Every structure is written in C-alpha cells, then in structure tokens.
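Numbered per the numbering used here, the sequence shown spans residues 12 to 160. Before any comments, here is the structure.
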Amino acid sequence: MAAAPLRFEPFTPAHLPAVLLLESQAYPEPWTQGMYRHELETPCSHLHVGLLGEDLVAYAGFWLVLDEAHITRVTVAEEHRRRGYGRQMVEHLLRQAFKLGAALARLEVRDGNTAAIHLYERMGFVPEGRRPGYYQRTGEDALLMIKRF
Ligand SMILES: CC(C)(COP(=O)(O)OP(=O)(O)OC[C@H]1O[C@@H](n2cnc3c(N)ncnc32)[C@H](O)[C@@H]1OP(=O)(O)O)[C@@H](O)C(=O)NCCC(=O)NCCS
C-alpha cells in the first residue's frame, strides 16, 4: 500500500524533543541537543521534518556549501520504516537543495547500513569512494556516495 504523503516543515526548536528521541533510537553515535541547536544557528544547515498529522515520523538535513549539498541525516521512526517515507524525505531534501542552487549531493553512509545504501541507490546515488574506519565506535568504513543533478 502506498504511504500517505508526509507534510514537510523546516526544523525548529519545537521539533527538538521528537527529533532527539528518534536520533537516540536510530544512530550508534547520536547527535546531541547542543549539536541540533548549533544546526539551527548555522546558515548553511537545512534540516526538515516529515509529519503525519501532528506526529513527527521522519527528519533529514543537508549542509549547502557552494553548489554541493552534503546530506547529514535521513531518519525514519522505526515503526514507520519500509513504507516509502525515507524516499519521500530524500526526494524533499533533493528538491530543496536543487532550489537553493545545488548541482550535486554527497553523503557518507556506514558500510553495513543496507537499508540506507538501498534507499540512496534507489534515489540515484552512486558510490564514489570509501573512508576506512570512519565510524569510531564500530570501526566500520564509510561508503561515500554522490548524485549529480
Ligand atoms: C535508512 C532509512 C531512512 C530508510 O527509511 P525507510 O522509510 O524504511 O525507506 P523506504 O521505505 O523509503 O525504502 C527505500 C528503499 O530502501 C529499501 N529498504 C528500506 N529498508 C531496507 C532494509 N532494511 N533492507 C533492504 N532494503 C531496505 C526499500 O525496500 C526501498 O527500496 P525499493 O524502492 O526498491 O522497495 C531508515 O531505515 C532509517 O531511519 N534508518 C536509521 C537511520 C539511518 O541509518 N539513516 C541513514 C544515515 S546515512
């Protein structure tokens, strides 16, 4: 069954509690409240949330540096995964980045993160390289991926 469309909003301090909860459940090295507050004050940072009704079920972001959008986060609440929301979130991000003048998007993803790698491949990202041992806690490599608009 096709997923209901998410409603997108730019990330604000009001979204912080819900984002921090999803963040702690989704990542072995979660960003802290301080880091998210810093993102809010950083002009090149573009974070967006995806809502179903009033529920925040996804969020994602990128840094825009010159013509490059560097995707920093794509997260879907565990109970809402595999329904196309990750895809909706990335499509939204890429639209935002394109509107702001990005010519390409880059990201790094944990080598063992099959779900994310599959999602990015479906969105047209291709492998560009690898950073050995990039993730300090697990020692896993980061796979670098790129998509040119
Ligand atoms: C990665 C993540 C955002 C995917 O979100 P999602 O809403 O489940 O993704 P979608 O339902 O839009 O699926 C997109 C594609 O990925 C595939 N996919 C999703 N989860 C998968 C899994 N666990 N294994 C294999 N493929 C998977 C889907 O089948 C779909 O491919 P298809 O179009 O060929 O069917 C989600 O798993 C997540 O939040 N993970 C934790 C945070 C994280 O690791 N983020 C990435 C950081 S780089």
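All C-beta atoms in this analysis are idealised placements derived from N, C-alpha and C, irrespective of residue type, glycine included. On a predicted model such as this, the values are computed, not experimentally measured, just so you know.
The beta carbons of A37 and T83 sit no closer together than 9 Å.
The straight-line gap separating the alpha-carbon atoms of L33 and M100 is approximately 15 Å.
What you get when you keep residues with a C-beta closer than 6 Å to any heavy atom of ligand 1 is A37, V85, T86, V87, R92, R93, R94, G95, Y96, G97, R98, V120, N124, T125, A126, A127, H129, L130, R133. Shown here, A69 sits in a strand according to DSSP, grouped into three states.
Beta-bridge annotation (DSSP): K158 is paired with A116. Within the same chain, and ignoring the five residues on either side of R94 in sequence, the residues whose Cβ sits closer than 6 Å to its Cβ are A14. In this structure, the beta-carbon distance from D152 to P138 does not fall below 9 Å. DSSP, read as helix, strand or coil, puts R133 in helix. Looking from the CA of P21, the closest CA among P41, F73, M46 belongs to F73.
With a threshold of 16 other beta carbon atoms within 10 Å, Q147 falls short and is exposed.
In the three-state DSSP reduction, E89 falls in the helix class (H, G or I).
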